[in-house]
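Everything on this sheet refers to the single structure shown next.
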Amino acid sequence: MAKVCGIYEALWLARLHLSSAHALYLHLPFCVRKCAYCDFASWETPAGDPLMAAYADSLGRLTAQAADVGLLDGCKTAYVGGGTPSLAGEGLVRLVSDIRLRAPSLDELTCEANPDSLTDKLLGSLREVGCTRLSIGVQSLSDAELVELGRIHTAKRANELLRAAVETGIDVSCDLMCATPRQTDASWRRSVEGVCEVGVGHVSVYPLQIEEDTPLGRIVGDDEPAWNDPEVQARRMEQAHELLSAQGLVRYEVASYARPGKECLHNQAYWTAVPYLGLGTRACSMLTREAYERLRTVSPRLPQADEDASRIRLTCIDGVRAIAGAQGLADLRYDVEQLDERRAAAEDLMLAMRMVRGAGPGLVEHARAVIGATRVDEALSWCQQQGLAEPAGGSWVPTVQGWLLGNRLYGRMWELAE
Amino acid sequence: MSSCAIISRMKNDTSHIRNFSIVAHIDHGKSTISDRILELTHTVEERDLESQMLDSMDIERERGITIKSNAVRVAYDADDGRTYQFNLIDTPGHVDFTYEVSRSLAACEGAVLVVDATQGVEAQTVSNALLAMNADLDIVPAINKIDLPSAEPDRVREEIEEDLAIPADDAVCVSGKTGEGIHDLLEAIVYLVSPPAGEVDAPLKALILDSYFDEYRGVVATVRVFDGSIKKGDRLVMMAEGDTFLCDGVGCKRPLETPLPELGVGEVGYVVTGLKDPALVHVGDTLTKPEHPCAEVLPGYHEAKPMVFAGVFPVDNKEYENLRDALEKLKVNDPSLTWAPETSVALGFGFRVGFLGLLHMEVVKERLEREFGLDLIATSPSVDYHVYTTAGEMLDIKSPQDLPRPEKIDRIEEPYLNAKVIVPPDYMGAVMQLAIEHRGITKDMVYLSEKSVEMHFDIPLAELILDFFDQLKSRTKGYASLDYEFADYQASDLVKLDILLAGEEVDALSFIVHKDKAYTLARGLCDKLKEIIPRQQFEVPIQGAIGNKIISRSTVRAVRKDVLAKCYGGDISRKRKLLEKQKEGKKRMKQIGTVDVPQEAFLAVLKVDDDA
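As you go down the protein sequences, you meet chains E and W in turn.
Residue 69 in the working numbering sits at position 69 of the first sequence, with consecutive numbering throughout.
If you want the working numbering, it's the position in the second sequence, counting the first as 1, plus 418.
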């Protein structure tokens, strides 16, 4: 067993020292209208605003520069998120071709899109230039619910679009949101079954989270509306699990279901310590110390890594106009957070517990080595006592209770950072 | 205006001295007027003037209440060309601190009665005016806030005359905010307040008003000299307790300490005792010289006795020693504080602390947390019960958990108070109803004027410390004022109410209550705890029990789902911050068995709605 663990650990360790990003995230923070619940970085922008094209073209140039210094060597996945990337139209098409050019060995390239701005023409162009996957913000197939959420598309339009997209052969994922105003168990069932019927290969389900600084948060105030009650959230998530499983979509992460082989590679990178580079307003990067040094060669304003830093997290803090006008990576400004080996390992355990396959033997052994075996074992057995996680082979995996009470499970793992 | 000018008078001449307090209903502007006086007499420069100069504790300033009294000397150049020595003695304004008010007033010849020009005479205006009149003080009425558009000085003047029977023709109209009229007020003090009487050659007679501890000089006492004088090197004795010391210096506060060669007859100032044990100096005691003692002690000396007892425990048991140190340090300028170690199964090691009242308890807890960086749990307040056992013993029981088993108890006696409520006649019915609900017995009532009645009750202290005061205020729209003193012990039919969380008895939640109220309280407490205790991973039953009998129950349902933030675009830092916030919240809770209990749960009994 010790020997086997040694091999796993070696594999895990290799990931912690990659000298380039194996995933690329580009953020397009534009929307026609901001949804009532949304607190992501996005701004209302009219369709056709030249700022969007300028911004997308700048991201293309920044990507090229990152590739030039080797930061994208071996990059496997790319993801263009938002906002509403499809709103940028031709700008998005140009950006996708730029990515393809600079990261030639991609296994997956996803674009987010909304039913209102993804036209048949745009769909065709994206597929042509090398987009392999679309993540479509459907949220619901009930018009009443869509209105409450402040979405501007109709259920009918979403349905047509999903159908058209699936027909082109591209991989299609859609997001659905539960515990929303006016949703019932029956309407939730119709939404979940509806998207499966169209033939999408991937579905993400989330309970609506009421954030303070949003129009919805201001309406709700201190109330705890019945439609968002934890009981309702739990029931809908369980309902989704049953319905999706029955349709052949298998859970692989707390909120993600896919037909076999259609799991999102890019999102998995976030949960499994694969370094990623994020470009654009509020975009986040996670780099190994080695990759960070590489970024510093073109961004000299970045601080030197601390002696004990093993992982660096960056958030780009430039606004939309600054990004659009950036001459190169040297112009960008970031919030920088450095994690030592121990914090990085605690973070990896926390993230691994979102996955069905949980924390594998390589990760567990590595964490025991850097955090201390007793502390890690104590934390894991606490989780077992609480019914949140259980051992399976050499791995630790979340239980059904662990899916629903994830914050307890993740929180206990992150405590190991102290 | 040097300090010499203030003191170098003819030996027995006190005609330049004015000792006075400022009294008022809460928020009528007492502290602002004090500030203006300090400013106008150049005692402090405007730029140094922190608002509410006299209230020096953080908590006092924040809550706008005065807890500790304070005496400041100012020099006033009056219009008659003379320089007067004003000793401004601040008084606390809350019922818990009535004792401090009365001893502050005992050091004065006059009182400035501040009345808000927009509000008029209110409950505490009446009770403070009565205290001042009982102490035989010359009263200077001042109508404040005349800068406000809604000020009605004429109406307020009439009220002062009619409701308080105080001549108000000379009432001074002032604005603490703009400073208008403050000069007139100072002149009025010169003419209306009598100079102190007293004999410089008589044996020393001085009253200890207050004391505080200085690491280098030991206990420093604030005193008022009635006869004789004190200077450095004098041998002094505290008459009630008999302890002597060598005076290590005298002076006054202006408002910083200023040493003086002597404290003369009629003056107020401080005396450095050099004593290292704060417990030796008792506020209210009389100071004299052992070789020429005065004939009798000054009246009114009684030790402030704690009436309310509560457990105080550190959330983190490792802080126990720090809590003990903190209590010892606090005692130095709050001599009324007492404590004894207490152990709780649920909360570990802590102390049973005695307080003057609920506000005092709140203030002490807050000071301990703020000034000493402690995280504390306070348990429900209790009183000192006398429990007579079947074996014929009498036990002093200050904590419900010490109560013997019911079969061993012959009877329990509880402290009763004589409570005095002053209220406008319209609210008499409401007050009587409230008294009945709190097991009070109305003894008599006296009309003080057409607009105020003084009602007397016998009422158990245990009832008074719960929500009586808040209820009294709300049912009389703030008009009632309350004063009380200990009467005696009386037998009552009392039982111990236990609370069980997830089947386990939590000693720190136990409560001694009258049998007739036990069911209502148990139900209210179970419901309140259900609100306070957050949902846990498992269902938590809450039960109220007397002995082995369960008399109420409620259930905290299990949490089914906690918030799942979408980790958008790989923003892991944000997710971690949410988890850290969640943990911070949990840290402030006490784990009892498998249940996380927030600190406020232990005071839930104070929040139980009476009508529930």
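Glycine included, each C-beta is placed from N, C-alpha and C at the ideal position.
Only a predicted model underlies this, so the values are computations on that prediction, with no experimental measurement involved.
By Cβ distance below 7 Å, which residues in the same chain neighbour Ala-255/E in space, the five residues on each side in sequence not counted?
-> Along the first sequence, read from residue 1 onward, the residue named residue 255/E stands at position 255. Around Ala-255/E: Ser-204, Val-205 and Tyr-206.
Which class does Leu-363/E belong to by DSSP, given the choice of helix, strand or coil?
-> As a first step, residue 363/E is located in the first sequence; it is residue number 363 there, counting from the start. Helix, per DSSP.
Count the other CB atoms, across all protein chains shown, that sit within 10 Å of the CB of Ile-561/W; report buried if there are 16 or more and exposed otherwise.
-> Position 143 of the second sequence holds residue 561/W. Buried, since its Cβ has 16 or more Cβ neighbours within 10 Å.
Label Trp-43/E either buried or exposed according to how many other C-beta atoms from any shown protein chain fall within 10 Å of its C-beta, with 16 as the threshold for buried.
-> The residue you call residue 43/E lines up with position 43 of the first sequence. Flag for Trp-43/E reads exposed.
Kindly confirm or deny that the stretch 795 to 811 of chain W and the stretch 819 to 839 of chain W touch, where touching means at least three C-beta pairs closer than 8 Å.
-> Segments in contact, yes.
Based on Cα-Cα distance, which residue from Arg-742/W, Ile-600/W and Val-1023/W lies nearest to Ala-940/W?
-> Taking the second sequence and counting its residues from 1, the one referred to as residue 940/W is at position 522. Closest option to Ala-940/W, judged by alpha-carbon separation, among Arg-742/W, Ile-600/W and Val-1023/W: Val-1023/W.
N- and C-terminal bounds of the beta strand (DSSP E) containing Glu-112/E = The residue you call residue 112/E lines up with position 112 of the first sequence. Segment 108 to 113, the beta strand (DSSP E) holding Glu-112/E.
Limits of the alpha helix (DSSP H) - the one that Pro-50/E falls within | As a first step, residue 50/E is located in the first sequence; it is residue number 50 there, counting from the start. Where Pro-50/E is concerned, the enclosing alpha helix (DSSP H) stretches over 50 to 68.
CB-CB under 7 Å to Ala-525/W, same chain, minus the five flanking residues each way: which ones, in chain order?
-> Translated into the one-based positions of the second sequence, residue 525/W becomes position 107. Counting only Cβ-Cβ distances below 7 Å, and skipping sequence neighbours, we find Asn-437, Ile-507, Leu-625, Leu-627, Arg-642 and Val-686.
DSSP on His-27/E, reduced to helix/strand/coil?
-> Locating residue 27/E in the first sequence gives position 27, counting from the first residue. The answer is strand: DSSP assigns His-27/E an E or B state.
Going by beta carbon distance, what residues of the same chain come within less than 6 Å of Phe-575/W, once the five residues before and after it are set aside?
-> The sequence position of residue 575/W within the second sequence is 157, counting from 1. Reading off the sequence shown, one finds Arg at residue 575/W, where the question assumed Phe. These residues qualify, in order along the chain: Ala-586 and Ala-589.
Helix, strand or coil at Ser-420/W [DSSP, three-state] | For the purposes of this step, residue 420/W is taken as residue 2 along the second sequence, with counting starting at 1. A caution first: Ser-420/W carries a pLDDT of 42, below 50, which makes its placement in the model too unreliable to give a value.
When you check each C-beta in the stretch 664 to 689 of chain W against every C-beta of chain E, which residues fall closer than 8 Å?
-> Identification of residues in the stretch 664 to 689 of chain W having a C-beta nearer than 8 Å to some C-beta of chain E yields an empty set.
Beta-carbon of Thr-315/E versus every beta-carbon of chain W: anything under 8 Å?
-> Taking the first residue of the first sequence as position 1, residue 315/E is located at position 315. Answer yes: the Cβ-Cβ gap between Thr-315/E and chain W drops below 8 Å somewhere.
List, in order along the chain, the chain W residues whose C-beta lies closer than 7 Å to that of Ala-283/E?
-> Position 283 of the first sequence, counted from the start, is the residue given in the question as residue 283/E. Under the 7 Å cutoff, chain W gives Gly-987.
Terminal residues of the beta strand (DSSP E) in which Leu-821/W lies | Start at 1 with the first residue of the second sequence, and residue 821/W comes out as number 403. Segment: none, Leu-821/W is in no beta strand (DSSP E) and carries neither H nor E.
Report all residues from its chain with a CB closer than 8 Å to the CB of Glu-633/W; omit the five preceding and five following residues, and keep chain order.
-> The residue labelled residue 633/W in the question sits at position 215 within the second sequence. Same-chain partners within the cutoff: there are none.
Residues near Met-1/E in its chain [Cβ-Cβ closer than 7 Å; skip 5 each side] = Against the first sequence, residue 1/E aligns to sequence position 1. Per-residue confidence for Met-1/E stands at a pLDDT of 38, beneath the threshold of 50, marking its modelled position as unreliable; the derived number appears in the next sentence. For Met-1/E, where only same-chain residues beyond five positions count, there are no Cβ hits under 7 Å.
Residues within the stretch 377 to 409 of chain E neighbouring chain B, beta-carbon criterion of under 7 Å = Included in the structure are the protein chains E and W, with no chain B among them.
In the DSSP assignment, what residue or residues form a beta bridge with Tyr-897/W?
-> For the purposes of this step, residue 897/W is taken as residue 479 along the second sequence, with counting starting at 1. DSSP output for Tyr-897/W lists no bridge partner at all.
Any beta-carbon of chain E closer than 8 Å to the one on Lys-1001/W?
-> Along the second sequence, read from residue 1 onward, the residue named residue 1001/W stands at position 583. True, the Cβ-Cβ gap to chain E drops below 8 Å.
For chain E, is any of its Cβ atoms less than 8 Å away from the one on Ile-483/W?
-> As a working note, residue 483/W is residue 65 in the second sequence. Only weak support exists for where Ile-483/W lies, its pLDDT of 43 falling under 50; the coordinates are left without a value.
Is the Cβ of Asp-862/W closer than 8 Å to any Cβ of chain E?
-> Here the question's residue 862/W lines up with position 444 in the second sequence. Taking Cβ atoms only, chain E never reaches closer than 8 Å to Asp-862/W, which makes this a no.
Alpha helix (DSSP H) containing Pro-571/W: first to last residue?
-> Locating residue 571/W in the second sequence gives position 153, where the first residue counts as 1. Its alpha helix (DSSP H) spans residues 571 to 582.
Do Tyr-410/E and Leu-997/W have their C-beta atoms closer together than 8 Å?
-> Locating residue 410/E in the first sequence gives position 410, where the first residue counts as 1. Locating residue 997/W in the second sequence gives position 579, where the first residue counts as 1. Yes.
When we look at the beta-carbon of Pro-300/E and count the other beta-carbons within 10 Å, is it buried (16 or more) or exposed?
-> Within the first sequence, residue 300/E is the residue found at index 300, counting from 1. Result: exposed.
Any C-beta of chain E under 8 Å from that of Arg-978/W = As a first step, residue 978/W must be located in the second sequence, where it is residue number 560. By this cut-off, Arg-978/W is an interface position.
Report back the beta-carbon spacing between Val-147/E and Thr-297/E to the nearest angstrom; my notes put them in contact at under 8 Å.
-> Here residue 147/E refers to the residue found at position 147 when the first sequence is read from its first residue. Here residue 297/E refers to the residue found at position 297 when the first sequence is read from its first residue. So it is not a contact: roughly 51 Å between Cβ atoms.
From Gly-1003/W to Gln-955/W, what does the alpha carbon distance come to, in whole angstroms?
-> On the second sequence, position 585 is the one that residue 1003/W refers to. On the second sequence, position 537 is the one that residue 955/W refers to. Using only the alpha carbons, I get a separation of about 16 Å.
Rounded C-beta distance between Ala-420/E and Leu-28/E? I'm assuming under 8 Å.
-> Here chain E comprises residues numbered 1 to 418, so residue 420/E is not present and cannot be evaluated.
Would you check if the distance between the CB atom of Leu-603/W and the CB atom of Val-592/W is smaller than 8 Å?
-> In the second sequence, the residue the question calls residue 603/W occupies position 185. In the second sequence, the residue the question calls residue 592/W occupies position 174. In this structure, Val-592/W lies closer than 8 Å to Leu-603/W by Cβ.
Regarding Glu-598/W and the ligand COA, is the C-beta to nearest heavy atom distance less than 7 Å?
-> Among the ligands in the structure shown, none appear at all, so the ligand COA cannot be discussed.
Do you know offhand how far Ile-1010/W's Cα is from Cys-383/E's?
-> Translated into the one-based positions of the second sequence, residue 1010/W becomes position 592. Translated into the one-based positions of the first sequence, residue 383/E becomes position 383. Between Ile-1010/W and Cys-383/E, the C-alpha separation is close to 19 Å.
Within its chain, find whatever has a CB closer than 8 Å to the CB of Leu-882/W; leave out the 5 residues flanking it on each side and keep chain order.
-> In the second sequence, the residue the question calls residue 882/W occupies position 464. The residues are Leu-835, Ala-837, His-856 and Tyr-902.
Glu-478/W versus Glu-949/W - alpha carbon distance = In the second sequence, counting from the first residue as 1, residue 478/W sits at position 60. In the second sequence, counting from the first residue as 1, residue 949/W sits at position 531. Because Glu-478/W carries a pLDDT of 49, less than 50, the predicted location of this residue cannot be relied on, and no value is offered for it.
Would you mind sorting Leu-216/E into buried or exposed? The rule is 16 or more other CB atoms within 10 Å of its CB.
-> By 1-based counting over the first sequence, the position of residue 216/E is 216. The residue in question, Leu-216/E, is buried, as its Cβ has 16 or more Cβ neighbours within 10 Å.
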